[in-house]
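Undergrad: Everything in the sequence shown is counted per UniProt numbering, starting at 1 for the first residue and increasing by one.
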Amino acid sequence: MYDSIEHLMEYFKTVENKPINIHPIFQEVTMDIISRIALGQNGSNLFKNPYIDYAKSIIGNSTDKFNNNLAQIIPPLKPLIRWLTFWLRIDSNDAHTLHINLFKEVLKRKSERETMGENKTEKKLVDFIDLFLDAEVPEQKHSDTMGVLDKRNLKISKELSVTEIVGQCFIFLLAGYDTTGKDFNIGVKLFPAKRSYARLRWQNTN
């Protein structure tokens with residue numbers, strides 16, 4: 001996280017005394033931090049993160065599309081517009097592409113962990129993918145028989161399939177990007193306002 005902030009500060013030096021739109025910058029920083037914590041990204045990819053465009057497309061541009069606006073203006077047309085959007089493929093497929101990329105990332109990490117296990121190399125938790133994979137349930141682990149439930153010795157273990165792990169990464173990436181980026185933006189807007197209000201109160205009391 002600190003390395004991402006340092007890259008941000010270096011960027012600010014290049015735009016010193018110039019007006020900037022801070023909102024997309026905070027979005028970039030947020031995605032950079034999430035990618036490093038959750039997806040094991042090595043180093044900073046500030047302003048060149050491969051996931052940022054997917055996140056913007058999935059979350060941010062729905063109001064810019066004519067078919068979405070038309071559905072809001074004329075609600076009875078929603079079923080027809082939804083059907084046309086699906087069959088004519090009007091909407092972009094960014095959510096599916098992001099899901100596939102995350103699936104590849106999880107399978108890649110799983111293969112690396114299996115190689116480490118074969119070489120008897122000590123496993124090191126790098127990010128949330130490793131954390132989720134530690135809770136993975138083997139595909140062949142199932143039982144077709146039912147026994148008597150003994151609540152006295154009942155133990156519940158939280159286990160995830162590969163598909164569920166990919167889903168967790170997908171949700172974490174988009175939810176973290178959307179909420180954290182907006183929180184940064186709101187905080188920056190409120191901080192000067194609070195300082196101005198405090199200065200005004202101080203002037204009135206003195």
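A virtual CB, placed ideally from N, CA and C, is assigned to each residue, including glycine. For clarity, every value in this text was computed on a predicted model and none was experimentally measured.
How many Å lie between histidine 142 and valine 162 at the Cα?
TA: As a first step, residue 142 must be located in the sequence shown, where it is residue number 142. As a first step, residue 162 must be located in the sequence shown, where it is residue number 162. Reliability fails at histidine 142, whose pLDDT of 47 lies under 50, so the model's placement of it is uncertain and no value is given.
Undergrad: Measuring CA to CA, which of Ile59, His23, Lys48 is closest to histidine 7?
TA: For the purposes of this step, residue 7 is identified with residue 7 of the sequence shown, where counting begins at 1. The shortest Cα separation from histidine 7 among Ile59, His23, Lys48 belongs to Lys48.
Undergrad: Quick check on glycine 181: buried or exposed, where buried means 16 or more other Cβ atoms within 10 Å of its Cβ?
TA: For the purposes of this step, residue 181 is taken as the residue at position 181 of the sequence shown. Buried, by the Cβ-count rule.
Undergrad: Whose C-beta lies closer than 7 angstroms to the C-beta of leucine 102 among residues of the same chain, with five residues either side of it excluded?
TA: The sequence position of residue 102 within the sequence shown is 102, counting from 1. Correct list, in chain order: Val166, Cys169, Phe170.
Undergrad: Helix, strand or coil, according to DSSP, for leucine 46 in the structure here?
TA: Translated into positions along the sequence shown, residue 46 becomes position 46. Coil, per DSSP.
Undergrad: Using DSSP bridges, identify the partner residues of leucine 8.
TA: Here residue 8 refers to the residue found at position 8 of the sequence shown. None; leucine 8 has no bridge partner.
Undergrad: Could you check if glutamine 27 is buried or exposed, using at least 16 other CB atoms within 10 Å of its CB as the buried criterion?
TA: As a first step, residue 27 is located in the sequence shown; it is residue number 27 there, counting from the start. Classification of glutamine 27: buried, given that the 10 Å Cβ count is 16 or more.
Undergrad: Of all the options Pro19, Leu173, Gly187, Asp178, which has the alpha carbon lying nearest to the alpha carbon of serine 35?
TA: Counted from its first residue, the sequence shown places residue 35 at position 35. Among Pro19, Leu173, Gly187, Asp178, the Cα nearest to that of serine 35 is on Leu173.
Undergrad: Suppose contacts are defined by Cβ-Cβ distances below 8 angstroms. Is valine 29 in contact with serine 4 by that definition?
TA: Against the sequence shown, residue 29 aligns to sequence position 29. Against the sequence shown, residue 4 aligns to sequence position 4. Contact: yes.
Undergrad: How many angstroms separate the CA atom of glycine 187 from the CA atom of proline 50?
TA: For the purposes of this step, residue 187 is identified with residue 187 of the sequence shown, where counting begins at 1. For the purposes of this step, residue 50 is identified with residue 50 of the sequence shown, where counting begins at 1. Between glycine 187 and proline 50, the C-alpha separation is close to 26 angstroms.
Undergrad: Does the beta-carbon of isoleucine 52 have 16 or more other beta-carbons within 10 angstroms, so that it is buried, or is it exposed?
TA: Position 52 of the sequence shown, counted from the first residue, corresponds to residue 52. The residue is buried, with at least 16 neighbouring Cβ atoms inside 10 Å.
Undergrad: Whole angstroms is fine: what's the gap from leucine 46's alpha carbon to serine 111's?
TA: Locating residue 46 in the sequence shown gives position 46, counting from the first residue. Locating residue 111 in the sequence shown gives position 111, counting from the first residue. Whole-angstrom Cα-Cα distance: 27 angstroms.
Undergrad: Here's a check: name, in chain order, each residue in its chain whose Cβ is nearer than 8 angstroms to the Cβ of glycine 176, leaving out the five neighbours to either side.
TA: Position 176 of the sequence shown holds residue 176. Correct list, in chain order: Thr30, Ile34, Ala38.
Undergrad: At the level of alpha carbons, what is the spacing between glutamate 118 and phenylalanine 128?
TA: On the sequence shown, residue 118 is found 118 positions in, with the first residue counted as 1. On the sequence shown, residue 128 is found 128 positions in, with the first residue counted as 1. So the alpha carbons of these two residues sit roughly 22 angstroms apart.
Undergrad: Along the chain, where does the alpha helix (DSSP H) that runs through methionine 31 open and close?
TA: The count along the sequence shown starts at 1 and reaches residue 31 at position 31. Its alpha helix (DSSP H) spans residues 22 to 38.
Undergrad: If you follow the alpha helix (DSSP H) that valine 106 is in, where does it begin and where does it stop?
TA: For the purposes of this step, residue 106 is taken as residue 106 along the sequence shown, with counting starting at 1. Per DSSP, valine 106 belongs to the alpha helix (DSSP H) from 94 to 118.
Undergrad: Closer than 7 angstroms by C-beta to serine 44: which residues in its own chain qualify, once you throw out the five before and the five after it? Chain order, please.
TA: Along the sequence shown, read from residue 1 onward, the residue named residue 44 stands at position 44. Result list for serine 44: Asp3, Ser4, His7, Asp32, in chain order.
Undergrad: Is valine 106 buried or exposed, if buried means 16 or more other CB atoms sit within 10 Å of its CB?
TA: The residue labelled residue 106 in the question sits at position 106 within the sequence shown. When all chains shown are included, valine 106 counts as buried.
Undergrad: So the alpha helix (DSSP H) tyrosine 54 belongs to, where does it begin and stop?
TA: Working through the sequence shown from its first residue, we reach residue 54 at position 54. Note, tyrosine 54: alpha helix (DSSP H), 52 to 55.
Undergrad: In whole angstroms, what is the alpha-carbon distance linking isoleucine 81 and lysine 108?
TA: For the purposes of this step, residue 81 is taken as residue 81 along the sequence shown, with counting starting at 1. For the purposes of this step, residue 108 is taken as residue 108 along the sequence shown, with counting starting at 1. The alpha-carbon separation between isoleucine 81 and lysine 108 amounts to approximately 38 angstroms.
Undergrad: Taking Cβ positions only, does asparagine 101 come closer than 8 angstroms to chain B?
TA: This model lacks chain B altogether, as it is built from one protein chain only.
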